[in-house]
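First up is the structure itself, then whatever we jot down about it.
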Amino acid sequence: EELINGDKVFRIHAESESHIHALKELERDVDSGLDFWTHAVSTEQPVDIRVPHSRLYALKDFLKKNNIPFTVIINNVQELLVREREEMVRNAEV
Amino acid sequence: ERQTKSFNFAAYHDLETIYNFMDTLVASHSNLISKVNIGSTYEDRPMYVLKFSTGGEKRPAIWIDAGMHAREWISHATAVWLADRIATDFKENRAPVPSILSKMDIYLMIVANPDGYVFTHRSPNEFYRLWRKNRSATSNPKCNGVDLNRNWDAEFSGPGASDDPCAEHYRGPFAQSEIEVQNIADLIMNHGNFKSFMTLHSYKQLLMYPYGYSGNDAPDRTELHDVATQASRALNSWHGTIYKVGSIFHIIEPASGASVDWAYQRGIKYSFAFELRDTGEYGFLLPADQIVSTARETWYALRYIMQYVCDHPY
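One line per chain: the protein sequences are A and B, in this order. Residues are numbered in the numbering used here as their position in the first sequence, beginning at 1, plus a constant of 3. Residues are numbered in the numbering used here as their position in the second sequence, beginning at 1, plus a constant of 10.
This is the structure we're talking about:
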């Protein structure tokens, strides 16, 4: 649980080909620990990434350095997991 | 749960419960449904397909699978609901299911990646809830699993797949290296008379057709686009959920080794991939109270496509 507590999901809005290129490079780095839910394909489609807590600052720095805008769409994935788990326990009891 | 009418469709269930549900459903509709064991997974779990048939040998058939990506729980849950809906509609003579089943068989696979699905339920380490691949050993002892939707023999090792076992999109060492993919491919090829292939995934609300490996238009692109557009309208009619329609390559990403391309290349013209309701706000953790509404809207699209396939033999 410690591994995922504090994980966030970023929605990244690539605005140029250079942004897309930078995000593709980032995805190729499998050691980054980032979980790409959608991928850098075009400026029309946002890129969603689950970001482990330990990688938050590194990713934010990367995005700021490359002037790539982003928003946080899930603030703490763990909270959703806890809610889902509780719901499943309730359902199992029923 | 001993009766399907008491089954809670508005809940996510583990593999054992889903498999028990399948047995119950078969027992309740033994004149229509049979459970086909198509082989075992890497970790030796059985792989089951529900076959809906009113008789006949190797009739034209429709394939629907869900759960190829383990964390996409809404696809499994939707398929459970669909199985019950098809059975109930047939029993109650609700159009168009009886007429479709009078001409064609439907094969429905609720859990296409059982090992991965079990892994997503593993606790106490909840990190695994977001596991995508299967669980086979790879050349890297630290990184298990192959992305089953990059492992098909369809321009394998092309764009949109990784050769790194640690990547989420790891394609595997060679085409159909994964027993889960091989089992499904064997069933479809040995049958030889599938007319439609549909696979259910989740995230982004898309209805897609070939190709994934290339930006070129498929030969049947115009017809597939029309069918998918009409199906997405049928889906939209229930809750207003908006789907984008297009080729995999153009509306989501380049993806080689994908199941839909594999099916299309083998002559199964009506091949589609769904990305079910999930805008990202909940990631792959769509609240369970949205399962039934998601399943119902998906059913409207599937029903349209199945009827179309039935009306357009080739």
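Ideal Cβ placement from N, Cα and C applies to all residues, glycine included.
Could you check the C-alpha separation between residue i and residue j for me, to the nearest Å?
i: Asp196 of chain B; j: Glu190 of chain B; result: 10 Å
i: Ala311 of chain B; j: Tyr117 of chain B; result: 17 Å
i: Trp162 of chain B; j: Gly267 of chain B; result: 4 Å
i: His249 of chain B; j: Gln240 of chain B; result: 16 Å
i: Val63 of chain A; j: Pro55 of chain A; result: It should be pointed out that residue 63 of chain A corresponds to Lys in this sequence rather than to Val. For Lys63 of chain A and Pro55 of chain A, the distance between alpha carbons rounds to 12 Å.
i: Leu158 of chain B; j: His79 of chain B; result: 7 Å
i: Ser281 of chain B; j: Tyr219 of chain B; result: 6 Å
i: Arg160 of chain B; j: Asp227 of chain B; result: 20 Å
i: Pro323 of chain B; j: Ala25 of chain A; result: 47 Å
i: Pro108 of chain B; j: Arg313 of chain B; result: 12 Å
i: Met119 of chain B; j: Ile48 of chain B; result: 10 Å
i: Lys214 of chain B; j: Thr46 of chain A; result: 16 Å
i: Asp24 of chain B; j: Val97 of chain A; result: 15 Å
i: Val237 of chain B; j: Ala105 of chain B; result: 19 Å
i: Met32 of chain B; j: Arg93 of chain A; result: 22 Å
i: Ser247 of chain B; j: Leu84 of chain A; result: 31 Å
i: Leu35 of chain B; j: Asn70 of chain A; result: 55 Å
i: Pro49 of chain A; j: Ala185 of chain B; result: 30 Å
i: Val46 of chain B; j: Tyr29 of chain B; result: 12 Å
i: Leu42 of chain B; j: Thr232 of chain B; result: 35 Å
i: Met114 of chain B; j: Asp32 of chain A; result: 47 Å
I'd like the list of long-range same chain contacts for residue i, defined as Cβ closer than 8 Å, with 5 residues on each side in sequence excluded.
i: Ile76 of chain A; result: Val12, Phe13, Arg14, Asp51
i: Lys68 of chain B; result: His201, Gly202, Asn203
i: Asn78 of chain A; result: Lys11
i: Tyr223 of chain B; result: Ala164, Glu165, Gly168, Pro169, Gly170, Phe259, Pro264, Ala265, Ser266, Gly267, Ala268, Asp271
i: Thr88 of chain B; result: Ala76, Leu210, Leu286, Ile301, Thr304, Ala305, Thr308
i: Trp40 of chain A; result: Val12, Asp51, Ile52, Arg53
i: Ser16 of chain B; result: none
i: Thr130 of chain B; result: Ala80, Arg81, Trp83, Tyr138, Arg139, Leu140, Trp141
i: Gln81 of chain A; result: Glu4, Ile7, Asn8, Gly9, Asp10
i: Leu2 of chain A; result: This structure leaves residue 2 of chain A out entirely; chain A is present only between 4 and 97.
i: Arg181 of chain B; result: Val156, Asp157, Arg160, Asn161, Phe166, Ser167, Ala171, Ser172, Asp173, Ser266, Gly267
i: Ser112 of chain B; result: Thr64
Quick one: which chain B residues come within Cβ less than 9 Å of residue i?
i: Thr41 of chain A; result: Tyr213, Lys214, Ile262, Glu263, Gly290
i: Ile77 of chain A; result: Gly290, Glu291, Tyr292, Gly293, Leu295
i: Arg14 of chain A; result: Gly290
Would residue i be called buried (16 or more neighbouring beta carbons within 10 Å of its own) or exposed?
i: Gly66 of chain B; result: exposed
i: Tyr253 of chain B; result: buried
i: Ser57 of chain A; result: exposed
i: Tyr60 of chain A; result: exposed
i: Ser146 of chain B; result: buried
i: Ser257 of chain B; result: buried
i: Ala71 of chain B; result: buried
i: Ser44 of chain B; result: exposed
i: Gly225 of chain B; result: exposed
i: Asn150 of chain B; result: exposed
i: Asp173 of chain B; result: exposed
i: Glu188 of chain B; result: buried
i: Asn154 of chain B; result: buried
Along chain A, which residues have their Cβ under 9 Å away from the Cβ of residue i?
i: Tyr22 of chain B; result: Glu87, Glu90, Met91, Asn94
Residues of chain A with CB under 8 Å from residue i, in chain order?
i: Asp174 of chain B; result: Val33
i: Glu178 of chain B; result: Asp38, Phe39
Kindly list, in the order they appear in chain B, the residues whose Cβ is closer than 7 Å to that of residue i.
i: Val50 of chain A; result: Result: empty, since nearest Cβ-Cβ is about 10 Å, beyond 7 Å.
i: Val97 of chain A; result: Asn18
i: Val80 of chain A; result: Gly293
i: Val54 of chain A; result: Those do not exist, as Val54 of chain A stays about 12 Å from chain B at its closest Cβ, beyond 7 Å.
Within its chain, find whatever has a CB closer than 6 Å to the CB of residue i; leave out the 5 residues flanking it on each side and keep chain order.
i: Ile110 of chain B; result: Met316, Cys320
i: Phe73 of chain A; result: Phe13, Ile15, Leu66
i: Arg132 of chain B; result: Tyr138
i: Ser242 of chain B; result: Leu217, Tyr253, Val255
i: Trp73 of chain B; result: Tyr117, Phe204, Phe207
i: His39 of chain B; result: Ala97
i: Ile23 of chain A; result: Ala17, Ala43
i: Ala122 of chain B; result: Asp75, Gly77, Met78
Between residue i and the ligand COA, is there a pair consisting of the residue's CB and a ligand heavy atom that are separated by less than 7 Å?
i: Val54 of chain A; result: Looking at this structure, you won't find the ligand COA or any other ligand, since it has none at all.
Which same chain residues, not among the five before or five after residue i, have their C-beta less than 7 Å away from its C-beta?
i: Ala298 of chain B; result: Ala20, Ala21, Tyr22
i: Asp125 of chain B; result: Thr51, Tyr52, Glu53, Arg55, Asn144, Arg145
i: Leu327 of chain B; result: With chain B covering only 11 through 324, there is no way to say anything about residue 327 of chain B.
i: Ser35 of chain A; result: Leu29, Arg58
i: Leu245 of chain B; result: Thr251, Tyr253, Glu307, Thr308, Tyr310, Ala311
Taking Cβ-Cβ distances shorter than 7 Å, what residues in chain A pair up with residue i?
i: Arg139 of chain B; result: Leu84
i: Ala298 of chain B; result: Glu90
Counting only beta-carbon atoms, is residue i nearer than 8 Å to chain E?
i: Ile76 of chain A; result: Chain labels in this structure do not include chain E; the protein chains are A and B.
For the 8 Å Cβ check, are there 3 or more pairs between the segment 267-286 of chain B and the segment 201-209 of chain B?
yes
I want to know whether the segment 81-94 of chain B touches the segment 286-300 of chain B - three or more CB-CB distances under 8 Å.
yes
Report yes or no: do the segment 58-65 of chain B and the segment 83-95 of chain A share at least 3 C-beta pairs separated by less than 8 Å?
no
Taking contact to mean 3 or more Cβ pairs, one atom from each stretch, closer than 8 Å, check whether the segment 89-96 of chain B and the segment 174-186 of chain B are in contact.
no
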